[in-house]
Amino acid sequence: MNNKPTITKKQLPKGVGFWKDGFRRLARRRMAMVCLFIIFAYFAIAAFIYLAEAFNWQLSIVDWSSQVGEEYQPPSKENIFGTDFLGRSVLRKTIYGTKISMTVAFWASIISLLIGVPLGAIAGYFRGWVDELIVWLYTTLSSIPYILLILAFALVLKDKSISFSWLHLGTLQLSGITSVYLAMGLTSWVGICRLIRGEIIKHKEREYVLAARSYGCKNARIIFRHLLPNVFHLIIINFSLRFVSFIQAEVILSFLGLGAKNQPSWGAMIDTARLDLPKGYWWEMTAATVAIFFISLALNIFGDALRDSLDPKLRVQ
Amino acid sequence: MINYVIRRLLYTIPIVFGVLLITFVLFNVVGGDVTDQIAGKAASKETRDEIRAEYGWDKPLIFALDSQFVNHIKNAVTFNFGRSWSDRERIVDKIKRGAGPSLSLTIPMFIGTVLISISLALVVAFLRGTVFDIIVVLLCVAGMSIPFLSFILFGQYFFAFKWSLFPVFFWPDLSPLQYVALPVIIGIAAGLGSNLRFYRTVMLDEFRNDYVRTAFAKGLSTHKVLFKHVLKNAMIPIITQVVMAIPFLFLGSLLLERFFGIPGLGYLMIEAIASRDFQVINAMTYIGAILFVVFNIITDICYSLVDPRIRLE
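In order, the protein sequence lines correspond to chains A and B.
Going by this note's numbering, the letters in the first sequence line up with residues 263 to 579, in that order.
Going by this note's numbering, the letters in the second sequence line up with residues 961 to 1273, in that order.
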């Protein structure tokens, strides 16, 4: 008699990891995939413009500043979105505005994550006076109405130069969009910090942290190698949902004249279109609105889908 | 209860101090001495010194009894924000004057948004899973994705300019009812998407509870279940959302006021941004934060009034 167990390898159900499972659920939603494609397309356009500028490609689609026809031409075959008050192509301006918006939203997200995640993790892990200090800091920041805070930061940082000569790095000129994403990044880390802190407080009582500690892991290793990967899905969800608000905030800030100068951005386009609209020149306004609408819609739907597929709490229901 | 309120009020002291610290760092340390901007390049030395003395830029930054930081706190506590750089009017007077028009715009907008979105949310939550529900959710997400600026511009263009249903711009002779009507409608329309979606989620969470099934099972009418049982239990998140929105009402609406020329606090801030008038932004930031902190306490007190399970300890 053969005593070997009869179950072969094929019959065993294959284990599915958290990320694989999550992304499989995500891939099943066709709507989310379409949105992901749109988001990639916007990023690709922004990246393409950067490449074209870096290598000095003479492409007509990137050349937003040249005159393509008479001023205020309505949409036609040659100019899909018509021309503006200097006879420049509105389509090219809209495409160039993608670069500004995506850059601002990207760096603002990165800055806010770089501040919020470590602070939240440290506060939740160490507790004590460190926790109290960090909680005080973000309660203070969050008690200033957001729009005022961001306006104050953008206003003060505008056209400032920060000297890094003591680091032998020269000076950082905060012109145009740099001050915009710095202002947004410095003011919007509160939400993610609060979220990560709460999660870390919950997680640090779990067995795997105890196990890591009994192996003799240092605090830094426990936080960055053990705890943060376990709350990483929250960071991704927050990132995708926050991105929309950055894009919309950039529009409002450049509309108020605090954003990019001498470069077309969606907010600046809406600002010029404000005076053109009563004269019946509706196309520049429409082009900017459509551009903002599709990226916001895609990010909203994709962010929700991501949350539904990655959040273990929602998975049970 | 009184003990709780007193303790909460004491707890706000470090918060207010933190706010003052942030505005100090922003406007005095990073922003700094802007005498050149106020006086112009051709001003004499006496004028410059006079301006420096008025705004206290000739004093030491922190480490002195009469330093800029001490004065910053003193001014904030006594609500004395000095004069505006651009037209020399006292900032407190400016804010008092702007509060009326701002509130006449934001209060109807706020009440309209809350009433419409909560009642729609009840209906949508009741019809959850149907085609109607899906369509409403899709419309909400689409509405959230249209920038607020586009709502305002197209709304103003079509309703006021093209079809002349409303006045295009503020005019002192108009009654408030006339010039506020269109901005209020636009504000409600623009805010409906995100609000409706939020309240729908709140209601759906309540609908999953057993007491709803029990209420239906014992034969209560739909109307009664919705308004007496579900709405009452959903009160906590609703109160948080509603009461915490009130401080923002005082700040007015930056964009709506700019487009419709309503001389409120939003308009004041726009002017201040254009002329880089830090003092005005500083005052508004401080007042906004104070209101936020106060309404935060009021929210907690409201919790215990609405839900007897919550006790303030």
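In this text, a Cβ means the ideal position worked out from N, Cα and C, and glycines have one as well.
Let me confirm a value: residue i is counted as buried when at least 16 other C-beta atoms fall within 10 Å, else exposed. Which label applies?
i: B/ASP1165; result: exposed
i: B/PHE1092; result: exposed
i: B/ASP1237; result: buried
i: A/TRP326; result: buried
i: A/MET531; result: buried
i: A/LEU568; result: buried
i: B/THR1038; result: exposed
i: B/GLY991; result: buried
i: A/GLN320; result: exposed
i: A/PRO526; result: buried
i: A/THR449; result: buried
Any Cβ of chain A within less than 8 Å of the Cβ of residue i?
i: B/MET1244; result: yes
i: B/VAL1052; result: no
i: B/GLY1058; result: no
i: B/LEU1180; result: no
i: B/GLY978; result: yes
i: B/MET1104; result: yes
i: B/GLY1248; result: yes
i: B/PHE1220; result: no
i: B/LEU1211; result: yes
Residues of chain A with a CB under 8 Å from the CB of residue i: which are they?
i: B/ILE975; result: TRP398, THR401, THR402, SER405
i: B/ILE1206; result: Simply none; closest approach about 11 Å.
i: B/LEU986; result: ALA414, PHE415, VAL418
i: B/LEU1216; result: Per Cβ cutoff of 8 Å: no residues; B/LEU1216 is ~12 Å from chain A at best.
If you measure between the beta carbons of residue i and residue j, is that distance less than 8 Å?
i: B/ARG1160; j: B/ALA1249; result: no
i: A/ALA308; j: A/LYS361; result: yes
i: B/ARG1054; j: B/SER1044; result: Arg is not the amino acid found at residue 1054 of chain B; the sequence shown has Lys there. Yes, these two residues count as a Cβ contact at 8 Å.
i: A/CYS455; j: A/TYR400; result: yes
i: A/LEU417; j: A/LEU411; result: no
i: B/MET1195; j: B/ALA1081; result: no
i: A/ILE554; j: B/LEU1214; result: no
i: B/ASN988; j: B/HIS1032; result: yes
i: A/ILE497; j: A/VAL366; result: no
i: A/HIS465; j: A/VAL493; result: yes
i: B/ILE1106; j: B/ILE1198; result: no
i: A/VAL324; j: A/SER351; result: no
i: A/ALA383; j: A/ILE462; result: yes
Any beta carbon from chain B within less than 8 Å of residue i's own beta carbon?
i: A/LYS464; result: no
i: A/ARG459; result: no
i: A/ILE409; result: yes
i: A/HIS481; result: What sits at residue 481 of chain A in the sequence shown is Asn, not His. Chain B, which has no Cβ nearer than 8 Å to the Cβ of A/ASN481, makes this no.
i: A/GLY519; result: yes
i: A/VAL578; result: Below a pLDDT of 50, predicted positions are generally treated as unreliable, and A/VAL578, at 42, falls in that range; the measurement from the model is reported next regardless. A/VAL578 does not count as touching chain B.
i: A/SER558; result: yes
i: A/ASN500; result: no
i: A/ILE563; result: yes
i: A/PRO540; result: yes
Quick one: what's residue i bridged to in DSSP?
i: A/THR345; result: A/SER351
i: A/GLN329; result: A/ARG350
i: B/ARG1008; result: Paired residues: none, contrary to the question.
i: B/ARG1043; result: B/ARG1050
Residues of chain B with CB closer than 8 Å to the CB of residue i, please, in chain order.
i: A/VAL516; result: For the record, residue 516 of chain A in the displayed sequence is Ser; it is not Val. Under the 8 Å cutoff, chain B gives no residues; its nearest Cβ is about 10 Å from A/SER516.
i: A/GLY453; result: Correct list: empty, because the minimum Cβ distance to chain B is about 14 Å.
i: A/MET547; result: SER1110, LEU1113, PHE1114
i: A/ASP422; result: First, the residue type needs correcting, since residue 422 of chain A is Lys and not Asp in the sequence shown. In chain order: VAL990.
List the residues of chain A whose Cβ lies closer than 7 Å to the Cβ of residue i, in chain order.
i: B/GLY991; result: VAL418
i: B/PRO1223; result: Those do not exist, as B/PRO1223 stays about 18 Å from chain A at its closest Cβ, beyond 7 Å.
i: B/PRO1107; result: GLN510, VAL513, THR551, ILE554
i: B/ALA1141; result: Within chain A, no residue comes near B/ALA1141; the closest Cβ sits about 19 Å away, beyond 7 Å.
i: B/VAL1253; result: SER405
Counting only Cβ pairs nearer than 9 Å, list the residues of chain B close to residue i.
i: A/ILE532; result: PRO1107, LEU1109, SER1110, LEU1113
i: A/ARG536; result: LEU1109, LEU1113, PHE1219
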